[in-house]
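Read through the structure below, which is laid out as structure tokens, and then see the notes.
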Amino acid sequence: MGALAVARSIGGLAYRAAGLALLFAAAMLWRLSDHVIRFRTVSLEARRADDPSLDPVALGLGFEEITFEARERRDPGSGGTLTLRGWFFPGAAPGAPAVIAVHGMGDNRVGVLPEVVMLVRAGYAVFAFDLRYHGRSGGRFCTWGYFERHDVSAAIDELARRGKIDADRVGVIGGSLGAAIAIQAATVEPRIRAVVADSAYADFRALLLVHGARRYPAFRLLPARAREALADAVLAVAGLRAGFDPRDVAPLKAIRRVGVPTLVLHCADDAEIDAADARHLFEASPAEAKELHVLVDCGHTKGHEAYRDAYEALVLDFLGRHLGRPDPPTGAAPAAPAAPASRPSRG
């Protein structure tokens, strides 16, 4: 075999090797992007099995199932429509202030029932719905607030259309991902008059870097620039697949455009999202009426469980000052969820 033939043979092998390497890299990025937009979620049935006390009927809550269409339906593969589902809990009196309760990553509306009970006991109307890709709602991807912020607006639209709420007095409360969505929703929805953000992260990309290192030990061995480049590549693939821009889901940037009263809560011992994120969010907020409370000796989204009475007094006082204090309910009050220690922490 001549030198030219050998060179051609080596060149062909090199091209094939390069092609295989590219295919492997693409497959790896695709798989890693699943952890961003198609992670594991829990069903309503599994959530109740985990804690049987988390059931609206068992808790003595009157409610109505509400189905509505997402305002932003750009969900590749969904057929152009996206249906969202939730529970509406009426206020103690017609025209009571309303609160939208937003659950965390992988969870569903069942997970916010402790907050629902707190609010219904105080006389508020409450709507807890499954985020897209979660629970019984449609959608093939989670977009970390990019489309979900508009889903909160669609929920307010639907409730106002049905005459269920006073659309001029609406608040939003959320934990972790739900808190991040609550902040982002307030940037696009002028009817939101108060935000309660519990255990929110400040920056999505930074969160991915932290959790990537925790989930994949080999990731920690990479130089910092290589970790950042890999995270950016994963986010780019996730964004292409789900039709959103991951750079536009940073609560720290969003909160700079939120002028309504904002309550930021966090646990000092949060191992999922550092309490420093809460301080950054608070400092960036331009709201004249803003509060920061960092609770000691509790973990991620566990403040309500650890300090139930004090936590509820804090939240209800804040909402009462900025949404108005509804008439107290008559009759038997809803029961508090039992066995709070069994309530799992979700993002």
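Going by our numbering, the first residue of the sequence shown is number 128, and it counts up by one from there.
Just so it is clear, CB atoms sit at the ideal spot from N, CA and C, and this is done for glycine as well.
Computed from a predicted model, the values in this text were never measured in an experiment.
Residue i: first and last residue of the uninterrupted alpha helix (DSSP H) it sits in
i    : result
H431 : G430 to A433
V297 : Element bounds for V297: not the alpha helix (DSSP H) but the beta strand (DSSP E), V297 to G302.
E275 : E275 to R288
V361 : A351 to A369
R267 : Where R267 is concerned, there is no enclosing alpha helix (DSSP H), given that its DSSP letter is neither H nor E.
R248 : L240 to R248
H407 : A402 to A411
R374 : It is not in any alpha helix (DSSP H) - R374 carries neither H nor E in the DSSP assignment.
H338 : F331 to R342
R175 : L171 to D177
CB of residue i within 9 Å of CB of residue j, strictly
i    : j    : result
L240 : D182 : yes
G265 : L186 : no
V322 : P388 : yes
C394 : V421 : yes
I310 : A255 : no
R368 : F268 : yes
D278 : L258 : yes
D376 : Y260 : According to the sequence provided, residue 376 is Val. The question's Asp does not apply to it. In this structure, Y260 does not lie closer than 9 Å to V376 by Cβ.
R174 : V237 : yes
W214 : E191 : yes
A327 : A358 : no
E242 : H427 : no
L159 : V337 : no
G233 : R167 : yes
Endpoints, beta strand (DSSP E) assigned at residue i
i    : result
A225 : A225 to V229
According to DSSP, residues forming a beta bridge with residue i
i    : result
H393 : V421
T210 : E196
F215 : E191 and F254
I319 : V297
D325 : G302 and L392
Close-in-space but distant-in-sequence residues of the same chain around residue i (CB under 6 Å, 5 per side omitted)
i    : result
A411 : L379, I382 and R383
R318 : I283, A294 and V297
A225 : A252, I292 and V297
D454 : A219, A220 and G250
Cβ-based neighbour list, residue i, same chain, cut-off 8 Å, excluding 5 preceding and 5 following
i    : result
R73  : The question about residue 73 has no answer, for the chain in this structure spans 128 to 474.
R276 : I308, Q311, A312, T314, V315 and E316
K417 : P388, T389, L390, V391 and F409
A468 : Confidence at A468 is low in this model, with a pLDDT of 41, below 50, so the placement of that residue is unreliable and no value is reported for it.
Alpha-carbon to alpha-carbon, residue j and residue i
i    : j    : result
V244 : D161 : 34 Å
F331 : E196 : 27 Å
A403 : G301 : 18 Å
P471 : G207 : Here P471 scores only 48 on pLDDT, less than 50, and its place in the model is too uncertain to base an answer on.
N235 : L443 : 23 Å
D177 : I193 : 24 Å
R342 : R448 : 42 Å
E399 : C425 : 12 Å
V109 : R289 : With the chain covering 128 to 474 only, the question about residue 109 has no answer from this structure.
L450 : V299 : 11 Å
Close-in-space but distant-in-sequence residues of the same chain around residue i (CB under 7 Å, 5 per side omitted)
i    : result
G386 : P413 and A414
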